[in-house]
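Numbering (our numbering), first residue to last: 7 to 461. We treat Cβ as the ideally placed atom computed from N, Cα and C, and that holds for glycine. Values in this document were obtained by computation on a predicted structure and should not be read as measured data.
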Amino acid sequence: MTSSSESSNRFPDRFVWGAATSAYQVEGSPFADGALPSFWHRFSHTPGLTHDGDTGDVACDQYRLIGDDVRIMREIGLQSYRFSIAWGRVIPDGTGAVNAAGIAHYDRVVDLLLENDIAPNVTLYHWDLPTALDDRGGWLNRDSAEWFADYASVMYRALGDRVPMWATLNEPWVVVDAGYLYGIHAPGHRNIFEAPIAAHNLMRAHGAAVQAYRAEASRSIGLVVNIEPKYPVSDSPADLAATARADAYMNRQFLDAALNGSYPDELAEVFGEAWPRHSAQDMKLIHQPVDWIGINYYTRSVTKNDPAEFPLRAGRVRQTQHVHTEMDWEVYPPGLTDTLVWFRDRYGDIPVYVTENGSAFADPSAANGEGIVDDPERVAYLRAHINAVRNAISAGVDVRGYYAWSLLDNFEWSAGYAKRFGIIAVDFLTQERTLKSSAREYAEIIRTHGAALLR
Ligand code: FCB
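As structure tokens, then:
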């Protein structure tokens with residue numbers, strides 16, 4: 007018999023358990039079957055820009071091994087797989103001719119998943135813009151909204167009847183901050199004038215793709231953002247103002263635009279003359295009703311005023327009392343509860359999914375006697391964060407599902423293969439997959455619909 011505290015703490019019956027990846031991080035085969043690569047291929051093939059010169063040329067070879075990977079998903083009991091489509095497989099030049107072989111690949115992925123009772127959750131843009139479009143200015147070009155909506159429509163027509171969940175963009179903040187402001191991701195620009203333009207065009211692209219969805223299909227569509235809650239290090243007016251700037255830039259910029267049709271006031275102060283004027287028409291395009299929001303949560307930031315930090319004048323205060331992952335990200339599970347509650351309080355009762363959550367740790371390279379790679383830190387991270395989701399549900403937040411990042415160890419962008427986030431270990435020489443104890447633990451959590459957390 008379940009106690010009353012347990013039953014009031016249960017995950018809703020239809021709560022979905024999934025895991026996530028993205029195309030460039032796992033697929034490999036950038037030129038297969040008529041595909042043309044993205045600006046991440048260009049970036050990773052430029053000397054000095056990624057760890058050890060690592061590229062996504064092979065990655066987890068999922069383009070070819072998708073059948074094996076779906077079998078492993080089934081073994082774990084996953085109910086949904088969040089993956090992304092490589093734009094350049096479907097429309098190699100970014101605009102114009104559609105490549106039937108590219109569509110056929112994703113057709114097969116979706117069918118394989120459905121045959122195994124795994125719901126596909128498809129992200130249209132997880133950072134891999136076709137190089138031909140980067141040559142035309144990429145996200146700095148206002149036409150990018152139309153390019154993206156056209157590509158999205160092709161996908162809706164091909165898969166719209168079978169895919170229950172679509173997302174337009176993954177983490178526009180990272181595209182802008184890492185790609186256009188600090189130059190550590192593709193396309194490698196470092197330009198304060200470009201950052202707000204790229205951000206705005208990404209959001210216009212989001213709006214145009216949602217609009218196109220309403221014309222072509224009718225399951226559900228959302229936007230995926232990464233939220234890092236900002237906690238002021240002190241109550242001083244300077245620290246509070248710095249915290250508000252950091253929060254506006256990272257957390258509210260994209261959600262306010264999509265859900266309220268406006269940008270936070272702090273951004274004009276952060277960017278000064280680099281902050282553009284936005285027309286009411288653009289804001290209307292961005293402000294489309296969405297069916298759900300995906301939140302990616304990894305860590306928090308304790309924030310202080312720091313005039314030396316460009317351009318936010320806000321810095322992070324490292325919390326040495328807590329464990330940090332290999333990314334040097336503080337492990338702070340209550341931040342996930344706070345984030346979900348904050349989201350509901352600020353934006354209302356929109357269905358929300360935790361579309362990514364996970365941790366990089368230096369796992370042992372070999373399996374133990376039972377054929378499992380032991381990853382106790384990741385097990386602890388996973389359990390604590392799923393518990394944090396449960397706490398948000400108890401507080402009345404409409405959280406509909408959780409996706410572990412990541413199904414597989416994969417190409418971690420500029421960090422290459424050095425940082426492992428998978429619940430499944432990948433040997434990048436042989437492509438052998440080995441379950442980690444976190445995958446075992448997650449399978450148990452799924453099987454018991456969360457009750458395994460109480461043990
Ligand atoms: C997120 C990205 C994902 C992965 C994780 C660790 O920002 O969406 O691709 O790199 O971080």
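In this structure, Phe427 has its CB closer than 7 Å to one or more heavy atoms of ligand 1.
Scanning the segment 227 to 315 from its first residue to its last, the whole beta strand (DSSP E) runs of 3-plus residues come out as 227 to 232, 236 to 238, 298 to 302, 307 to 311. In the structure shown, the three-state DSSP call for His330 is strand. For Val180, the shortest separation between its Cβ and any heavy atom of ligand 1 lies below 7 Å. By the C-beta density criterion, Ser50 is buried, having at least 16 other C-beta atoms within 10 angstroms. Considering only Tyr303, Val379, Gln325, Arg114, the residue with the shortest C-alpha distance to Thr343 is Tyr303. Here Ala314 is exposed. Its C-beta has fewer than 16 other C-beta atoms within 10 Å. In the structure shown, the three-state DSSP call for Ser400 is helix. Pairing Ala247 with Asn374, the inter-Cα distance amounts to about 50 Å. Residues of the same chain with a CB within less than 8 Å of the CB of Arg148, apart from the 5 flanking positions on each side, are Asn207, Arg210 in chain order. Distance check between Val64 and each of Phe37, Phe427, Ser90 places Phe37 closest, using alpha-carbon atoms only.
The segment 344 to 351 and the segment 427 to 442 do not touch, with fewer than 3 CB-CB distances between them shorter than 8 Å.
For ligand 1, a non-hydrogen atom lies closer than 7 Å to the CB of Asn232. With a cutoff of 7 Å, Trp153 does not count as near ligand 1, since its C-beta is closer than that to no heavy atom of the ligand.
Set against 7 Å, the gap from the CB of Ser307 to the closest heavy atom of ligand 1 is not smaller. Put simply, the backbone Cα of Gly62 is about 19 Å away from that of Tyr112. Contact between the segment 188 to 202 and the segment 122 to 131 is not established, with fewer than three Cβ pairs separated by less than 8 Å. Inter-segment contact for the segment 283 to 297 and the segment 332 to 343 is absent: fewer than three beta-carbon pairs are separated by less than 8 Å. For Gln31, the shortest separation between its Cβ and any heavy atom of ligand 1 lies below 7 Å. Beta-bridge partners assigned by DSSP to Val432: Arg439. Contact between Glu332 and Phe367 holds, with the beta-carbon distance rounding to 6 Å and staying under 8 Å. Just measuring C-alpha positions, the residue of Thr101, Ala92, Asp99, Leu135 sitting nearest Val115 is Ala92. The alpha carbon of Asn122 has as its nearest neighbour, out of Pro282, Gly83, Pro243, Val96, the alpha carbon of Gly83. Ranked by how close their Cα comes to the Cα of Ala138, the residues Glu272, Ile399, Leu42, Ala244 have Leu42 in first place.
In its chain, beyond the 5 residues on either side, Val128, Ile227 have a beta carbon closer than 6 Å to the beta carbon of Trp172. From the listed residues Arg453, Ala421, Asp140, Ala458, the smallest Cα separation to Leu55 is found for Ala421. Distance from the CA atom of Asp141 to the CA atom of Ala155, rounded to whole angstroms, is 19 Å.
A residue is called buried once 16 or more other Cβ atoms fall within 10 Å of its Cβ, and Phe316, having fewer, is exposed. A distance criterion of 7 Å places the beta-carbon of Ser420 beyond contact range of ligand 1, judged by its closest non-hydrogen atom. In this structure, Ala320 is the residue among Gly185, Ile452, Ala320, Ile378 with its C-alpha nearest to the C-alpha of Ser240. Distance from the CA atom of Arg95 to the CA atom of Ala103, rounded to whole angstroms, is 11 Å. Collapsing the DSSP output to three states places Trp335 in coil. Shortest Cα-Cα distance from Ser242 to any of Asp167, Thr309, Ala164 involves Thr309. Glu362 has its Cβ nearer than 7 Å to a heavy atom of ligand 1. Contact annotation: Tyr423 and Asp60 have beta-carbon atoms nearer than 8 Å. When the alpha-carbon of Phe45 is set against those of Pro98, Asp262, Arg426, Ala151, the nearest one is in Pro98.
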